[in-house]
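Notes follow the structure.
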Amino acid sequence: MVNSLIAYCGAAAVPDDAWSRWNFDPPVLVALAALAFVVARGRGADARAGWGAMALMAVVFVSPLCALSSALFSVRVLHHVILVSAVAALLALAFPQRRAGRVPLPMLVAAHAVALWVWHAPGAYAWGLASVPAYWLMQLTLLGSAWLMWRAILSPATPSGLALVALAVTIGQMGLLGALIVFAAQPLYPVHFASTLAWGFTPLADQQLAGLLMWVPAMLPYLGAGLWRAWTSLRPAEAAL
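Following our numbering, the residues of the sequence shown are numbered contiguously, the last one being 246.
What follows is the structure, given as structure tokens:
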């Protein structure tokens with residue numbers, strides 16, 4: 006399949022022009038500036054996490070990675086992995102949930118899993134690239150659901166056992182989705198054949214790389230968070246001051 010219209014990030018980047026393809030879309034720059042203002046004013050609990058989230062958002066939405074994601078499905082998946090596994094986690098550290106949330110963690114985990122699977126179904130994925138509103142709906146639902154889930158997982162009000170189960174379930178469902186993409190017998194997602202070949206990939210190889218990215222590297226932040234939660238739950242309670 007060929008997707009003739011990429012509504013956001015512009016035409017697919019090719020090796021000759023990739024490094025010049027920066028995205029200076031005013032709404033994106035305004036959103037990043039607003040986040041920088043909030044972090045600089047000390048409104049967040051962890052300034053370093055806030056700056057880190059902002060830097061990663063600049064990478065995925067402003068840098069040439071944006072245009073490259075129009076060329077390669079694997080880069081689009083990398084973009085999504087950075088959003089849900091890294092940006093959302095950093096935002097959860099910067100703007101944490103200190104008390105028990107109104108929505109139970111299992112519901113947040115399920116909502117994020119639904120968002121991830123829906124937007125990586127071939128039809129929904131193609132629709133998400135067909136218009137600017139659909140594109141931003143994709144981005145905001147992926148990031149928003151992941152942020153709410155990460156806030157609950159990292160919250161001290163959440164029992165460590167429940168947080169570990171949530172991380173394990175998320176790792177499992179992402180790994181399953183990645184495996185299904187890797188072992189698909191044919192390309193399932195809209196691609197630009199010319200630009201994909203220009204980067205040295207066939208559409209199927211590009212898709213397999215995308216699945217591997219979601220299957221293995223995407224799990225690392227969740228494993229790290231799980232080890233941290235397990236370690237903190239095993240440490241002896243500190244004496245009250």
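Backbone N, C-alpha and C define an ideal beta-carbon position, used for all residues, glycine too. Bear in mind the structure is a predicted one, so any value in this text is a computation, not a measurement.
Should residue i go down as buried or exposed, given a rule of 16 or more other Cβ atoms within 10 Å for buried?
i    : result
D211 : buried
R156 : buried
G183 : buried
G216 : buried
M112 : exposed
V65  : buried
P208 : buried
T201 : buried
T175 : buried
V82  : buried
F29  : exposed
A39  : exposed
Q213 : buried
S150 : buried
F3   : Since the displayed the chain opens at 6 and closes at 246, residue 3 lies outside it and no answer follows.
G166 : exposed
S74  : buried
L239 : exposed
Once DSSP output is grouped into helix, strand and coil, what is the label at residue i?
i    : result
A23  : helix
R103 : coil
C71  : helix
S136 : coil
G47  : coil
F42  : helix
Y13  : coil
A18  : coil
L77  : coil
F29  : coil
Out of the options, state which residue places its alpha-carbon closest to the alpha-carbon of residue i.
i    : options                   : result
L98  : L113, R53, I176 and T146  : R53
P195 : L218, A135 and L214       : A135
S148 : S75, A93, V43 and A12     : Residue identity check: residue 148 is Leu in the sequence provided, not Ser. Ranking S75, A93, V43 and A12 by Cα distance to L148 puts A93 first.
Q144 : W124, A223, L153 and L95  : W124
L169 : I158, Q178 and M179       : I158
W108 : V44, W141 and T163        : Note on identity: in this sequence residue 108 is Val, with Trp being the wrong assignment. Nearest of V44, W141 and T163 to V108, Cα basis: T163.
F78  : A17, A235, W152 and T146  : A17
A118 : R48, V137, P31 and W152   : W152
L218 : R234, I186 and L228       : I186
W27  : A36, A38 and G15          : G15
G106 : S75, P161 and F29         : P161
A230 : A131, L172, A126 and G177 : L172
L70  : T146, L121, L239 and W24  : W24
Q178 : F42, W56, R104 and A223   : A223
Y227 : A91, T237 and A190        : A91
L225 : M59, A131, V86 and F188   : V86
L88  : A129, G57 and P101        : G57
Please report whether the beta-carbon of residue i lies at a distance below 8 Å from any beta-carbon of chain B.
i    : result
H125 : As a matter of chain content, chain B is missing from the structure shown, which is built from one protein chain.
Runs of alpha helix (DSSP H) wholly within the region 160-238 (minimum 4 residues, chain order) | Runs of the alpha helix (DSSP H) inside the region 160-238: 165-187, 198-203 and 208-220.
Every unbroken alpha helix (DSSP H) within the region 109-153, with a cutoff of 4 residues, ordered by chain = Inside the region 109-153, DSSP marks whole alpha helix (DSSP H) runs of 4 or more residues at positions 110-124 and 127-133, from first to last along the chain.
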